[in-house]
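Peer 1: Take a look at this one; I'll ask things after.
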Amino acid sequence: MHKSQLYKDIPYEKVPIIYNSMYNISFFGMEKLHPFDSGKWGRIIKMLVDESVIKKEEIIDSEQISETELLLVHTKDYLQSLKSSFTVARITEIWPVALLPHFIVNRNLLIPFKFQTGGTVLAAKVAMERGWAINIGGGFHHCSSSEGGGFCAYADITLAIKILKNEFDAVRNIMIIDLDAHQGNGHERDFIDKSVYIMDAYNAYIYPSDSSAEAAISRIIKLKPYTEDKEYLELIK
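The sequence shown begins at -3 in my numbering and counts up by one.
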C-alpha cells in the first residue's frame, strides 16, 4: 500500500485551508495571454487575511508532489511529454511558451502546478480528519491520466482520490461535484467506469465539449450561456 509523503501531521491550531505562494504563475507577462487568472490564488489569500477571516500563520502549507506519486495515475510517456515546451504550450494554450527553454517552463509553470497538486492531495487527507478542507489552488479537471489540456497539466483530482482510497479503509464511495463553467472532462475520462459518482454542471456551449467523457457523469446539468442565479440554483438543487 502506498504511503503518501504529503500526508504529514497538521497541528490542530491550523485552519483546514491549504496554500503555498508557489501556486502563483508569472513569467514575462506571457500568462496574461490566457484568460485564466494565474495569480488569483495569492489574491484570494490576501483578501482572506485582510478581511480577518484567517491569519497567515493558520494556513497549511502545501508541498510539491513528487514524480513517484504522479506516476500513481500518470503514464511515464505523459510525464515525459511535459519535458517539451511545445506540449506545455498546448496544455496551457499560451503558444509563446513553446519558444522558451524548458527549465524556465518547468520553474514558472510546472512547479507551481506540482505545488497545487500536492495541495489537493493534502486537502483530501485533512478533510478526512477535520470534516472539511479547502485547497486554494488545484482542481485541474481537464487533465486525465494520459492527457492534459485547458491549463491543467496534472490530474490532481484523480490522484487525490486514488491516494485517499489507499490510505483510508473507511473510504468506500466518492462523489465529485464539479461546478466550474467548463465540463470536467479530465476526471471524467479517468472514471469512465463510474466507480466515482460525478455531478457536473457546466456551460454546454463552450470548451471542451467532450461528448465521449459524458458517459462518466452520473448527474449531468447542461447550462445555457447567461443562465441567471435563480435558475442555476434550482437546477443544482
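Note that the Cβ used here is the ideal one computed from N, Cα and C, for glycine as well.
Would Glu184 be called buried (16 or more neighbouring beta carbons within 10 Å of its own) or exposed?
Peer 2: The residue labelled residue 184 in the question sits at position 188 within the sequence shown. Counting Cβ neighbours within 10 Å, Glu184 comes out buried, since at least 16 surround it.
Peer 1: Quickly, what does DSSP pair Asp174 with across the bridge? List them, please.
Peer 2: The count along the sequence shown starts at 1 and reaches residue 174 at position 178. In DSSP, Asp174 forms a bridge with Asp196.
Peer 1: Where does Asn16 fall in DSSP's three states?
Peer 2: In the sequence shown, counting from the first residue as 1, residue 16 sits at position 20. DSSP places Asn16 in coil when its eight states are reduced to three.
Peer 1: Hey, could you find the ends of the alpha helix (DSSP H) Leu44 is sitting in?
Peer 2: Within the sequence shown, residue 44 is the residue found at index 48, counting from 1. Note, Leu44: alpha helix (DSSP H), Lys36 to Asp46.
Peer 1: Taking one C-beta from the stretch 138 to 158 and one from the stretch 107 to 120 each time, how about it: are there three or more such pairs within less than 8 Å?
Peer 2: Counting Cβ pairs under 8 Å, three or more are found: they touch.
Peer 1: Relative to the C-alpha of Glu210, which candidate in Leu106, Gly127, Ile188 and Asp165 has its C-alpha closest?
Peer 2: Within the sequence shown, the letter at position 214 stands for residue 210. Nearest C-alpha to Glu210: Ile188.
Peer 1: Kindly indicate the opening and closing residues of the alpha helix (DSSP H) around Lys158.
Peer 2: As a working mapping, residue 158 is identified with position 162 in the sequence shown. Asp152 to Glu163 is the span of the alpha helix (DSSP H), which, as asked, contains Lys158.
Peer 1: If contacts are defined as beta-carbon pairs under 8 Å, then Ser142 and Tyr74 qualify, I think. What distance do you get, rounded to the angstrom?
Peer 2: The residue you call residue 142 lines up with position 146 of the sequence shown. The residue you call residue 74 lines up with position 78 of the sequence shown. Right, the Cβ-Cβ distance comes to about 5 Å (below 8 Å), so this counts as a contact.
Peer 1: Quick check: the Cα distance between Glu9 and Leu68, rounded to an integer number of angstroms?
Peer 2: Position 13 of the sequence shown, counted from the start, is the residue given in the question as residue 9. Position 72 of the sequence shown, counted from the start, is the residue given in the question as residue 68. Whole-angstrom Cα-Cα distance: 32 Å.
Peer 1: So Lys218 is in the beta strand (DSSP E); what residue range does that whole segment cover?
Peer 2: Start at 1 with the first residue of the sequence shown, and residue 218 comes out as number 222. First-last of the beta strand (DSSP E) with Lys218: Arg215 to Leu219.
Peer 1: Confirm, please, whether the CB-CB distance from Asn104 to Gly115 is below 8 Å.
Peer 2: Translated into positions along the sequence shown, residue 115 becomes position 119. Translated into positions along the sequence shown, residue 104 becomes position 108. No.
Peer 1: Have a look at Asp176 and Leu219 and give me their C-alpha separation to the nearest angstrom.
Peer 2: Translated into positions along the sequence shown, residue 176 becomes position 180. Translated into positions along the sequence shown, residue 219 becomes position 223. Using only the alpha carbons, I get a separation of about 11 Å.
Peer 1: Does the distance from the C-beta atom of Pro12 to that of Arg126 stay below 8 Å?
Peer 2: On the sequence shown, residue 12 is found 16 positions in, with the first residue counted as 1. On the sequence shown, residue 126 is found 130 positions in, with the first residue counted as 1. Yes. Within cutoff.
Peer 1: Might you give, ordered along the chain, the residues of its own chain that have their beta carbon closer than 6 Å to the beta carbon of Gly180, omitting 5 neighbours on each side?
Peer 2: Locating residue 180 in the sequence shown gives position 184, counting from the first residue. The residues are His137, Asp174 and Asp196.
Peer 1: Can the beta-carbon of Gln1 be found closer than 8 Å to that of Ser81?
Peer 2: Locating residue 1 in the sequence shown gives position 5, where the first residue counts as 1. Locating residue 81 in the sequence shown gives position 85, where the first residue counts as 1. No.
Peer 1: Alpha carbon to alpha carbon, how far is Glu230 from Glu163?
Peer 2: Translated into positions along the sequence shown, residue 230 becomes position 234. Translated into positions along the sequence shown, residue 163 becomes position 167. Rounded to whole angstroms, Glu230 to Glu163 spans 36 Å at the Cα level.
Peer 1: Measuring straight from C-alpha to C-alpha, what distance separates Trp91 and Asp57?
Peer 2: Here residue 91 refers to the residue found at position 95 of the sequence shown. Here residue 57 refers to the residue found at position 61 of the sequence shown. So the two alpha carbons sit approximately 31 Å from each other.
Peer 1: Per DSSP, which residues does Cys148 bridge with? Please list them.
Peer 2: Taking the first residue of the sequence shown as 1, we reach residue 148 at position 152. Answer is Gly145, bridged to Cys148.
Peer 1: What does the alpha-carbon distance come out to for the pair Ala94 and Lys233?
Peer 2: As a working note, residue 94 is residue 98 in the sequence shown. As a working note, residue 233 is residue 237 in the sequence shown. About 43 Å.
Peer 1: Arg215 to Leu78, Cα distance in whole Å?
Peer 2: Locating residue 215 in the sequence shown gives position 219, counting from the first residue. Locating residue 78 in the sequence shown gives position 82, counting from the first residue. Those two C-alpha atoms are separated by around 33 Å.
Peer 1: Just to confirm my understanding: we take Val45, look at its own chain, exclude 5 residues before and 5 after, and list those with CB closer than 8 Å. What are they?
Peer 2: In the sequence shown, the residue the question calls residue 45 occupies position 49. Hits under 8 Å: Lys51 and Lys52.
Peer 1: Express the C-alpha separation of Asn199 and Glu227 in angstroms, rounding to a whole number.
Peer 2: Here residue 227 refers to the residue found at position 231 of the sequence shown. Here residue 199 refers to the residue found at position 203 of the sequence shown. If I take the Cα positions, the gap works out to 13 Å.
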